[in-house]
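A quick write-up on the structure given underneath.
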Amino acid sequence: MDEQPRLMHSHTGVGMAGHPGLPQHLQEGTGGADGDGRKQDIGDILQQIMTITDQSLDEAQARKHALNCHRMKPALFNVLCEIKEKTVLSIRGAQEEEPPDPQLMRLDNMLLAEGVSGPEKGGGSAAAAAAAAASGGVGADNSAEHSDYRAKLSQIRQIYHTELEKYEQACNEFTTHVMNLLREQSRTRPISPKEIERMVSIIHRKFSSIQMQLKQSTCEAVMILRSRFLDARRKRRNFNKQATEILNEYFYSHLSNPYPSEEAKEELAKKCAITVAQVSNWFGNKRIRYKKNIGKFQEEANMYAARTAVNAANASSHGSQANSPSTPNSAGGYPSPCYQSDRRIQ
DNA sequence: GGTTATGATTTTGA
DNA sequence: TCAAAATCATAACC
Numbered sequence: 001m002d003e004q005p006r007l008m009h010s011h012t013g014v015g016m017a018g019h020p021g022l023p024q025h026l027q028e029g030t031g032g033a034d035g036d037g038r039k040q041d042i043g044d045i046l047q048q049i050m051t052i053t054d055q056s057l058d059e060a061q062a063r064k065h066a067l068n069c070h071r072m073k074p075a076l077f078n079v080l081c082e083i084k085e086k087t088v089l090s091i092r093g094a095q096e097e098e099p100p101d102p103q104l105m106r107l108d109n110m111l112l113a114e115g116v117s118g119p120e121k122g123g124g125s126a127a128a129a130a131a132a133a134a135s136g137g138v139g140a141d142n143s144a145e146h147s148d149y150r151a152k153l154s155q156i157r158q159i160y161h162t163e164l165e166k167y168e169q170a171c172n173e174f175t176t177h178v179m180n181l182l183r184e185q186s187r188t189r190p191i192s193p194k195e196i197e198r199m200v201s202i203i204h205r206k207f208s209s210i211q212m213q214l215k216q217s218t219c220e221a222v223m224i225l226r227s228r229f230l231d232a233r234r235k236r237r238n239f240n241k242q243a244t245e246i247l248n249e250y251f252y253s254h255l256s257n258p259y260p261s262e263e264a265k266e267e268l269a270k271k272c273a274i275t276v277a278q279v280s281n282w283f284g285n286k287r288i289r290y291k292k293n294i295g296k297f298q299e300e301a302n303m304y305a306a307r308t309a310v311n312a313a314n315a316s317s318h319g320s321q322a323n324s325p326s327t328p329n330s331a332g333g334y335p336s337p338c339y340q341s342d343r344r345i346q
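Using full-length UniProt numbering, you'd call the opening residue of the first sequence number 1 and step up by one each time.
In structure tokens form, the structure reads like this:
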């Protein structure tokens, strides 16, 4: 311990004369009449600094308290804060005004549209709804696919919100910690509230860039899920035999006018367990394919015509009127001059 | 693996 | 806006 002052003196004599951290008047002690006196001052100050660690905690606290209670301290800190604001911070401030990031806005909009962020939609996602609309309704398979889609989207949503919550919590904790630290430090060094505010905004920016990554990967996951779902939608499954028979029966028994009304389509759809749109598709395909190759469908037409005739005979023998096919047609009836669509009256 | 059948989608035209 | 026609994509069959 006794060595320290001597050591410090030897240092100051040569090395500390040009120390950048010392005030000018303390660095000018290389010669002149009062040069030795200044060296002595520097020595004293440095000795105080070096011995401060030897002081007890109570002593240090007492010194700190004395400094804090100094009558000139608030004024001095105010001046220093002002100088800081006018120099470094004001320069930074000009750079901090940034417009909202368009990429972030796009990500936010997409997450909102897909139902990942924002309030949860009861019916699932917009994509599922759009896909359902495009496929003309919700069949048994479709609804299974939709529920699968919704379940996966809900998983994504859950992960997204959990992660987001974690980030927000971490951000808040870190911000509070830094704010407390700065407030504490502001007692011993000049820190303006603006500076704290600026620090907080820097922290928020850092965390929002992490959030952006989260949003980006969530969007990617949704896009992959969506494309898989839409691909699945295109998968074709043949109707079951019974459904095909019901549709064929109707088609051949209405060969003169194979255009079922909306009510008839709905009924057929119900009977076949398919959608009205699928019924429309089926009739559209059947009409064009029959017309293109009547010969090929001749046998099929005859078979259904015979079956319809038998049904009608059975119905009349039971004393009831058959309400479906009014006039079973021969296979050659479509397309014939007598064929009239509901809309295309000749 | 090639062909045909068939459901779905897109384009065209009235 | 709807149906016809063309086309696509996949299931089913050999």
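We put the beta carbon where it would ideally sit given N, CA and C, even for glycine.
**Study point:** Helix, strand or coil at HIS161 [DSSP, three-state]
**Key:** helix
Point to revise | Three or more C-beta pairs below 8 Å linking the stretch 170-181 and the stretch 61-68 | key: No, they do not touch.
Exercise for review: Consult DSSP for SER280 and reduce its assignment to one of helix, strand or coil.
Suggested key: helix
Review point. Run through DSSP, which three-state label would TYR304 get?
Key: Here DSSP, grouped into helix, strand and coil, assigns TYR304 to helix.
Point to revise | First through last residue of the alpha helix (DSSP H) which encompasses LEU80 | key: 73-84
Exercise for review: Under 7 Å Cβ to Cβ from LYS271, same chain only, skipping five residues before and after it: list those, please.
Suggested key: ILE246
Point to revise | Three CB pairs or more closer than 8 Å across the stretch 260-274 and the stretch 304-319 | key: Per the Cβ contact rule, the stretch 260-274 is not in contact with the stretch 304-319 (fewer than 3 Cβ pairs under 8 Å).
Review point. Can we say the stretch 188-204 touches the stretch 243-261, given the rule of at least three CB pairs closer than 8 Å?
Key: no
Check your understanding: Can you tell me where the alpha helix (DSSP H) with ALA273 in it begins and where it stops?
Key -> Counting along the chain, ALA273 falls outside any alpha helix (DSSP H), and DSSP gives it neither H nor E.
Point to revise | DSSP-derived helix/strand/coil call for GLU114 | key: coil
**Study point:** Span of the alpha helix (DSSP H), counted from its first residue to its last, around ILE246
**Key:** 241-253
Check your understanding: Once you ignore the five residues that flank GLN185 on each side, which residues in its own chain have a CB closer than 7 Å to its CB?
Key -> Non-local beta-carbon contacts of GLN185 in its own chain, meaning distances under 7 Å to residues more than five positions away in sequence, involve ILE191 in chain order.
Review point. Is PRO102 helix, strand or coil by DSSP?
Key: helix
**Study point:** Spatially closest choice to PRO258 from PHE297, PHE283, VAL279 and ASN240, by CA coordinates
**Key:** PHE283
Point to revise | Host alpha helix (DSSP H) of ASN68 (start-end) | key: 57-68
Practice item. Using three-state DSSP, classify ALA131 as helix, strand or coil. Key: Model confidence at ALA131 stands at a pLDDT of 43, short of 50, so the residue's coordinates are unreliable and nothing is read from them.
Point to revise | CB of LYS84 within 9 Å of CB of THR188, strictly | key: no
**Study point:** Whole-angstrom C-beta distance between LEU214 and LEU164, which should lie under 8 Å
**Key:** 7 Å
**Study point:** Where SER256 sits in the DSSP three-state scheme
**Key:** Three-state result, SER256: coil.
Practice item. Using only alpha-carbon positions, find the residue among GLN211, VAL79 and ASN311 that is nearest to SER253. Key: ASN311
Check your understanding: Mapping DSSP to helix, strand and coil, what is SER261?
Key -> coil
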